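Q: The structure follows.
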Amino acid sequence: MQPYSPILSVYIVWHPDADTLCRPLATALYVCLNRDPDKPFAHGIGIPAYFRCAPESGANLPLAIDLNAAEHTVIFALVDDHMVLDETWANYLAGLYSQAQASTGKHLLVPVALTGSGFNLHPDIAKINFVRLFNLDPAAFKTHLIHYAAHALARLLENSQRITTQGAALSPLPIKLFISHTKREANALQLAEALKQALDDTQMDRFFDSVDIAAGHHFADEIEGNIENAALIAIRSDRYSDSPWCRMEVMTAKRLNRPMIVVDILRHHEDRSFPYLSNVPVMRFEPDTSLTAPETQNKLQAIIDFALLEVLRFIYIKRHFEHLKTMGWLPRDALILARPPEERDLKNQPAKQIVYPDPPLGYEENSELSQYQIPLFTPTTLRGEPLQGLAIGISISDTDPGELQALGLSGAHLKNAMVEIACHCLAQGATLIYGGDLRPNGFTEDLLELVRYHNDALKKQIKPVINYLAWPLIPTLDMAWAAQHKDALKIKKVDAPADLKQTGLIPEIPQGGDIGDISAYVWARCLTAMREQIVANTQARILLGGRTVDYKGKYPGLVEEALLTLKAKKPLFLLGGYGGAARIIIQALRGGKPRQLTEAYQCTNPGYKILLEEFNGQIKSQQLALDSIDYSAVVETFAEIGISGLNNGLSDQENLRLFATVNHEEAIGLILMGLARLKSTI
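In structure tokens, the structure reads:
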């Protein structure tokens, strides 16, 4: 299996002093290109997208961008007056533009003018075409940015580069939308004409039969020739399916495997729904909407953007999966589909297996399609269930927002990585073990929904997530919430250590009682007891993110979990690209001395200094067989264990890749590869 490299990476760059304006724009674009972290089953397009908005530690510029780390790299620069006036940032972007120009169309820098002065950014960049948002209402910035970005990316991936005789790259051909409609109904024809006019005001191409077929030419030939390089918008009205031309257009799009959406404007009913209109995205447009009202333009733009994002998703999935095949990450003999399979994809199909995007089809559809005896897979189900019988501890916690920004990431990146890693582990049969509180709407509930999906939709008996709950969190457990989630969650309560009870440090707290007065020493001892039980009952552990300040416990939570796991010689996987405690553990394993793992750093928090003194004092006065808080010893232990002591089935070089990657697809591939190598020994 070759080292991972993406077909496409996207970067969004803005000046830190413009964060209030630019971060919402960048976040909205990230959600559209990658996925919405608040919707664990809306897998989205999945394009790796990163931010460059804050200087890296000790520098005055953000992290460098290696354009050649992906087959295509596209940079969207959000240019405001702060960026224009900051020569350092302007030169940073000019350097990236120079590299993109040298790639002869392989990579791209797209400047986005948020103010009229944006064109003054740099003399070199002034020569290229800007996306112009400054002349719009700021409330429309997001939708227009998403439109321009999606079109630029789809054009780059769909169309081969056009090169002049002098070797310069011309812009790829625009995306074409084929507007399929029946003229038998006035509202369908009027909507089609309104969409045509709206498209005429964009950089996109379109096909509209009444104006695009020259006199004397055959309808069927023109339709076929234009659909083969277009995406279809089917305006589904009451009599749409009565039209043989509309039916032919839809069937041609399906046969040619082209992107397609349905705009539903049914006013009453259809006598018979057309089956080939299924298995594609659908949006509703009220048939009585006034097409001349000022607000209708936004609704028409929403249809265009809905289609454009489906085009981008469709094109990206095909290119991405084919790229993974060349790297050996997907079977070379697999047929690639950009949408879930349907019967027409399987009839007379010589392919040995089919790979399509997540989420996987439900049990009922899989059962119906099984008659064709062609195995159907998604990236999460492709490997089968090699982790069956393994209990994997997953330790994921927030990273400081400032650190994430310096790394070019956000909380959305962290949460998406959490969900994807958990999803793959569950799909391949692992039992996930998680420790900590059970906050509503937190990561725990995302895990539970993943379990339910596999159990309900796929009819698989995925074992419930096991959550270890330490005292004093036990009295805080919402019994109604726990009962509601019993189908997907098993709670194991970890009592306080016996010596604490004997010394009277554990008060009686009724269910739902106040735990605000529990001492930091008691918290630390109870959390350690919980972590020890998790280590004893897991075969491997994955660590991502993690706080290094403002925590309860003897050490930062993930630091203590890593220490206990390594001392027990259990496999440990560390993702350091998302910063936090995982990153400083890696530094210590490699012989470094992170300042976060020093008593001086931790004791800048007065509360922690009190804990340290009480903890070490109790050990001495009670003669407890416990290790005192000793950061020097922790750092020394990590250094002695080293990378080779991770015992995770990966080579040192593979672990270094896992330490650094911020691409969760690469991280998942490495984790599963390591676990597969260890399966017979753990």
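The sequence shown begins at 16 in the numbering used here and counts up by one.
We put the beta carbon where it would ideally sit given N, CA and C, even for glycine.
The model shown is predicted, which means the values in this text are computed figures rather than measured ones.
#1: With a Cβ-Cβ cutoff of 9 Å, do ALA485 and GLY450 count as a contact?
#2: Is the beta carbon of SER24 sitting closer than 9 Å to the one on PRO52?
#3: By Cβ distance, which residues of its chain are closer than 7 Å to ARG221, with the 5 residues on each side in sequence left out?
#4: Would you tell me roughly how many angstroms separate the C-alpha atoms of PHE402 and PHE588, rounded to the nearest one?
#5: Give a yes or no on whether the C-beta atoms belonging to ILE319 and THR217 are separated by under 9 Å.
#6: Cβ atoms of ASN482 and LYS501: under 9 Å apart, would you say?
#7: With three or more beta-carbon pairs closer than 8 Å as the criterion, would you say the segment 583 to 598 touches the segment 547 to 561?
#8: Whose C-alpha, out of TYR570, SER293, LEU345, is nearest the C-alpha of CYS618?
#9: Suppose only complete runs of 3+ residues qualify. What are the beta strand (DSSP E) ranges in the segment 42 to 74, listed by chain order?
#10: Which residue or residues does DSSP assign as beta-bridge partners of VAL278?
#11: Within 10 Å of its beta-carbon, does ASP286 have 16 or more other beta-carbons around it, so buried, or fewer, so exposed?
#12: What number of angstroms, rounded off, separates the C-alpha of ALA74 from the C-alpha of LEU108?
#13: To the nearest angstrom, how far is the alpha carbon of ALA128 from that of LEU160?
#14: If you draw a straight line from the alpha carbon of LEU292 to that of VAL278, how long is it in whole angstroms?
#15: DSSP state of LYS34, grouped into three classes?
#16: Can you tell me whether ASP360 is helix, strand or coil according to DSSP?
#17: Which of the three DSSP states is assigned to ASN135 in this structure?
#18: If we call anything under 9 Å between Cβ atoms a contact, is SER252 one with ILE280?
#19: Quick check: ALA249 and ARG273, are their CB atoms within less than 9 Å of each other?
#20: Taking its Cβ as the centre, do 16 or more other Cβ atoms sit within 10 Å of GLY572, making it buried, or is it exposed?
#21: In whole angstroms, what separates the C-alpha of PRO621 from that of MET298?
#22: Only counting the same chain, and skipping five residues up and downstream in sequence, which positions put a Cβ closer than 7 Å to that of LEU361?
#23: Determine the closest residue to ALA57 out of ARG67, TYR163, GLU435, SER256, with distance taken between C-alpha atoms.
#24: Alpha carbon to alpha carbon, how far is LEU590 from TYR26? Give it in angstroms, no decimals.
#25: Spatial neighbours of ARG467 within its chain, please: C-beta separation below 6 Å, excluding the five flanking residues on both sides.
#26: Could you pull out every residue in the same chain whose Cβ sits closer than 6 Å to the Cβ of ARG692, ignoring the five residues on either side in sequence?
#27: Classify ARG602 as helix, strand or coil using the three-state DSSP reduction.
#28: Does DSSP classify SER165 as helix, strand or coil?
#29: Within this structure, are the beta carbons of ALA742 and LEU123 separated by less than 9 Å?
#30: Ends of the alpha helix (DSSP H) at ASP220?
#31: With the cut-off set at 9 Å, would you say GLU173 and ILE330 are in Cβ contact?
#32: Please go through the same chain and pick out, in chain order, the residues whose beta-carbon is closer than 6 Å to the beta-carbon of TYR646, but skip the five residues on each side of it.
#33: Is GLN548 closer than 9 Å to ILE407 when the C-beta atoms are compared?
#34: Buried or exposed for TRP29, going by 16 or more other Cβ atoms inside 10 Å?
#35: Within the segment 560 to 584, note down every full alpha helix (DSSP H) run reaching 4 residues or more, in order along the chain.
#36: So the alpha helix (DSSP H) ASN670 belongs to, where does it begin and stop?
A: In short, the structure shows the following:
#1: Yes. Within cutoff.
#2: no
#3: LYS191, LEU192, ILE194, LYS211, LEU214
#4: Contrary to the premise, residue 402 reads as Leu rather than Phe in this sequence. Cα to Cα, the separation comes out at about 15 Å.
#5: yes
#6: Taking the C-beta atoms as reference points, ASN482 is found no nearer than 9 Å to LYS501.
#7: yes
#8: TYR570
#9: 64 to 67
#10: ILE250, MET298
#11: exposed
#12: 16 Å
#13: In this structure, the straight-line span from the alpha carbon of ALA128 to that of LEU160 is close to 10 Å.
#14: 10 Å
#15: According to the sequence provided, residue 34 is Asp. The question's Lys does not apply to it. Looking at ASP34 - three-state DSSP - the assignment turns out to be helix.
#16: helix
#17: helix
#18: The answer is yes: Cβ separation under 9 Å.
#19: no
#20: buried
#21: If you take the alpha carbons of PRO621 and MET298, they lie about 56 Å apart.
#22: Only residues of its own chain outside the window of five on either side were considered, and among them LEU384, TYR387, ILE389 have a CB closer than 7 Å to the CB of LEU361, listed in chain order.
#23: GLU435
#24: Cα to Cα, the separation comes out at about 21 Å.
#25: Correct list, in chain order: ALA503.
#26: GLY664
#27: Residue identity check: residue 602 is Gln in the sequence provided, not Arg. In the structure shown, GLN602 sits in a helix (DSSP, three-state: H, G or I).
#28: Here residue 165 turns out to be Ala, not Ser, going by the sequence shown. Helix at ALA165.
#29: Residue 742 lies beyond the range of the chain shown here (16 to 697); nothing can be said about it.
#30: From DSSP, ASP220 is part of no alpha helix (DSSP H) but of the beta strand (DSSP E) over 220 to 222.
#31: With contacts defined as CB atoms closer than 9 Å, GLU173 and ILE330 qualify as a contacting pair.
#32: LEU612, THR613, GLU614
#33: Using a Cβ distance threshold of 9 Å, ILE407 and GLN548 do not count as a contacting pair.
#34: buried
#35: 572 to 582
#36: 667 to 675
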